[in-house]
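Using our numbering, read the sequence shown as starting at 18 and increasing by one per residue.
Cβ atoms here follow ideal geometry from the backbone N, Cα and C, with glycine treated the same way.
The structure appears right after this line, and notes come after that.
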Amino acid sequence: MLFDFRENLERRKLISPRKAAILWAEQKRKSHMATITEFLHCKYGTNTQEEITKSLNRLQIDSLLSNIKKKTLHSKLFESLDDNNFDIQSSSTWLKKGNISPKSEAMFSFLQDRNIFFRDPNSKCPHCKSSNKTVDHMATRCNRMLNSDYTRRHTEIVRCIHMHLCRRFGFKKSRRLKNHSVQSIMCNTLAEIRVDITIPTELKIQCNKPDIFLYDKRENLIWLIEVGLTSIDNLKSVEVENCTNTTF
18 MLFDFRENLE RRKLISPRKA AILWAEQKRK SHMATITEFL HCKYGTNTQE EITKSLNRLQ
78 IDSLLSNIKK KTLHSKLFES LDDNNFDIQS SSTWLKKGNI SPKSEAMFSF LQDRNIFFRD
138 PNSKCPHCKS SNKTVDHMAT RCNRMLNSDY TRRHTEIVRC IHMHLCRRFG FKKSRRLKNH
198 SVQSIMCNTL AEIRVDITIP TELKIQCNKP DIFLYDKREN LIWLIEVGLT SIDNLKSVEV
258 ENCTNTTF
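Set out below in structure tokens:
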């Protein structure tokens, strides 16, 4: 804002005595506005005023990301900006629907940005009592939570995807996830949906039970949907494992 204000004064000082007087007074006092151009040159390493004018917004974002990447926790999220395996735009879709409370939105944002700190950094997980109590461990890596909290979370996500597919292919029109129940097999003229059902194959395959099997009759395509919940550090290995398990 200061840079734009100074640029406006510079452009109009010849036709507006008032603006010329303001610019002269600021330069005489050597205020921050009067020296803003030199400050930006020093901070962002630019040489000409045209560089600042054309790309100030990009320079500010690059500088901010550079500072964030130096942090221990926050850097893990923003390092994924350079990884093609992450869909940055889809990662923020949940913020656009407006179907969660402001308190929940703030908490989820803290979790996604890894901005949650526990009182004692050396405290142990209350479930397994062996690993350190961190966001990553509590969310995805505690073995004691595998058959309870993690399984329940996985089931809820499958139920949400199943309801979306049911609405898309005309099985139902309701948007209320609370009242939606997952049926093992659903079939109509548009599609066939199977949930947690063994798929018979000619060859003996160990992992032949995907979370969701979808047969799109209009496009004559089969979709195998496998839900995997993990952290950024383990995303690639989990994706490779799920792709390998569902290859027929």
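Using only CA atoms, which one of the options lies nearest to residue i?
i    : options                   : result
V212 : S191, K114, L241 and D233 : L241
V199 : T218, I216 and R176       : R176
Q44  : E27, Q77, P217 and D233   : E27
N196 : H179, R185, L207 and F186 : H179
C224 : E209, R235 and E243       : E243
F103 : N25, K253, S140 and R192  : K253
L182 : K113, S83, V257 and I229  : I229
T110 : Q129, D100 and N101       : Q129
M203 : A51, P119, K221 and L231  : L231
Would you report the Cα separation of residue i and residue j, rounded to the nearest angstrom?
i    : j    : result
D233 : A208 : 5 Å
K150 : I210 : 39 Å
N74  : T157 : 37 Å
L40  : I53  : 12 Å
S108 : I117 : 16 Å
K190 : R184 : 5 Å
S147 : S121 : 29 Å
I239 : L112 : 30 Å
E219 : T261 : 17 Å
E236 : C142 : 48 Å
D100 : D250 : 12 Å
N59  : K88  : Contrary to the premise, residue 59 reads as Cys rather than Asn in this sequence. Cα to Cα, C59 sits roughly 23 Å from K88.
T168 : F127 : 23 Å
L163 : V257 : 20 Å
N84  : R35  : 40 Å
R192 : S165 : 27 Å
K86  : I222 : 43 Å
M155 : K114 : 27 Å
S201 : P119 : 35 Å
When the distance is taken between beta carbons, is residue j closer than 8 Å to residue i?
i    : j    : result
A37  : K30  : yes
C268 : H144 : Lying outside 18 to 265, the shown extent of the chain, residue 268 is not represented and no answer is given.
S248 : D153 : yes
Buried or exposed, going by whether 16 or more other CB atoms sit within 10 Å of the CB of residue i?
i    : result
L194 : exposed
D79  : exposed
M124 : exposed
R23  : buried
N259 : buried
L81  : exposed
Leaving out five residues on either side along the sequence, give the residues of the same chain with a beta carbon under 8 Å from the beta carbon of residue i.
i    : result
K226 : D213, I214, T215 and I216
F56  : H49
I174 : V244 and L246
N205 : F186, G187 and F188
Here's a check: name, in chain order, each residue in its chain whose Cβ is nearer than 7 Å to the Cβ of residue i, leaving out the five neighbours to either side.
i    : result
R161 : H144 and C145
L76  : Y61
V255 : G245 and T247
A51  : E43 and Q44
Any beta carbon of chain D sitting closer than 8 Å to that of residue i?
i   : result
R28 : No chain D appears in this structure, which consists of one protein chain only.
So, for residue i: in the same chain, excluding its five sequence neighbours on each side, which residues have a beta-carbon less than 6 Å away from its beta-carbon?
i    : result
G187 : L207
Answer yes or no: the CB of residue i versus the heavy atoms of the ligand FMN, is any distance below 7 Å?
i    : result
V175 : Looking for the ligand FMN in the displayed structure turns up nothing, as the structure carries no ligands at all.
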